[in-house]
Each structure stands twice: as C-alpha cells, then as structure tokens.
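This report refers to the structure that appears directly beneath it.
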Amino acid sequence: MALVRTVLACLPYLTLLVSVLGLTWRIRRWRRAPAPVAPLFPLPPSRTAAWRRTAAELCLLRGLRAGDRGLWLGAWPLHVALVLLAVGHIRAFVDFPGLWQALGLTPDAVDRLAGVSGGAVGLVAMAGCLFLLARRALVRRVREITGPGDVLALLLLLAVIVSGNAMRFGTHMDLGPVRDYFAALIRLHPGPLPDAPGFAVHFLLAQALAVYLPWGK
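Those letters in the sequence shown? Residues 34 to 250, by our numbering.
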C-alpha cells in the first residue's frame, strides 16, 4: 500500500517529464522537416495579415470547413469545448474572489454558474468525441485509413470527458482540497489524492492522455 501511495505521488512529475520530452522531440522533428520549395499562394500582404490568417485558421478551422463540412460540424464544436474546459479548469488551481465580488457574484452563484456552463460544455465535448468515433467506424473511406492510435486517442479523450462529466453531475465536490493538492505538487511536497468522488480516476486518465498525445497524431 505504501508503494502504491509513493507511485501515485510521483506519477504527476513523471507525466510532466514524459510530456515535455515528447513535445520537445516532436517540435524538433517538425523543425527538421524539409520546407516546401515554392511558397504557398497567395501570400499574405504583411506579417499582420499572416498572423490574422493563422489565428482565423486556428479558431475557425477554415481549411477543414472548406475540405469536409460534415467533419467540421463535429470537430469544431469539440475543439471549442476543449478550450473552454481547459479555461474552466483554472478554478481547480486558483480561485478569484476579488473578480467574483466585482461582478457581484457570491461563491454559491459562481459554483452554480460553473456547474451549468461546465456541464453543458462537457456534454458538447462528449458528443463531439462520439461523433468522431462513429465517423471512423461508419464511413468507409475514413475507416480504411484509421489506425489503432486514432481510436486510442479518441477513447482516452472520451474517458477523460466522461469521468469529468460524472464528477460534474454527481455529488458536489469541494475544490479546496483539490487546490491544496496541486499547491503541494508545485511545492514538490506531494500529498495524498483528494478524497473527492471520481477525482483519482479523472486525474489518472488525464495523465494517460497527456503522456500519449506527444507520441500520437
């Protein structure tokens, strides 16, 4: 039992190390890839226009919409939901009582608002994952080019989202112990996992996804 507690205490640091090393390796590999001989046409007239085009592509996935509108209708809401969920998870690390007071919101009101908005976004993300899985299983041309890694990534992401939704719609969870846990991790004095329903499963699945992402597509 002591060994299990030690492994769980050290696992977040190992996850971070593997993820950072994997991303570094992946970026170095991209940078070493041969560049196209001819520039793409038409070129943006200025650096500002180039950044604007890049931002529009990142935010709207315009290339995907032009190439496959059906896929875009499922993938774009999923990506937006994932960004919103990432932003919402900031409250798991730190709270903003001054901001809530300035907005005239009580802690209970903030929790209710976060519960409703987070729950809705979590359902959208889950629907997006199910759509992409169904598309890989039902569309022949997509099924033919689908490998085990494609399915594994979606299943891991779906498991993280489902476990998060289970926490969101289940018993109310106090974020105080969760913030204390992550604060102890940052101070390099890891403690036991918070005694919150479903947190251990959700956190371990999130770590598995973080480890896999740099090595997958």
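All C-beta atoms, glycine included, are put in the ideal place defined by N, C-alpha and C. Predicted model, so just to flag it, every value in this text is computed and none were measured.
Closer than 8 Å to chain B by CB, residue i
i           : result
residue 193 : Protein chain content of the structure displayed is limited to a single chain, and chain B is not contained in it.
Simplified DSSP assignment, three categories, for residue i
i           : result
residue 79  : coil
residue 86  : helix
residue 220 : coil
residue 228 : coil
residue 215 : helix
residue 200 : helix
residue 205 : coil
residue 249 : coil
residue 210 : helix
Buried/exposed call for residue i, threshold 16 Cβ in 10 Å
i           : result
residue 60  : exposed
residue 79  : exposed
residue 148 : exposed
residue 129 : exposed
residue 236 : buried
residue 223 : buried
residue 178 : exposed
residue 46  : exposed
residue 151 : buried
residue 43  : exposed
residue 119 : exposed
residue 162 : buried
Inter-residue spacing [alpha-carbon to alpha-carbon] between residue i and residue j
i           : j           : result
residue 232 : residue 142 : 23 Å
residue 171 : residue 187 : 15 Å
residue 166 : residue 183 : 9 Å
residue 55  : residue 64  : 14 Å
residue 154 : residue 38  : 33 Å
residue 137 : residue 201 : 24 Å
residue 127 : residue 174 : 45 Å
residue 215 : residue 197 : 17 Å
Distance cut-off 7 Å: residue i Cβ against heavy atoms of the ligand PLP
i          : result
residue 47 : This structure does not include the ligand PLP; it has no bound ligands of any sort.
Review point. Which runs of the alpha helix (DSSP H), 4 residues or longer, sit entirely within the region 130–166?
Key: 130–135
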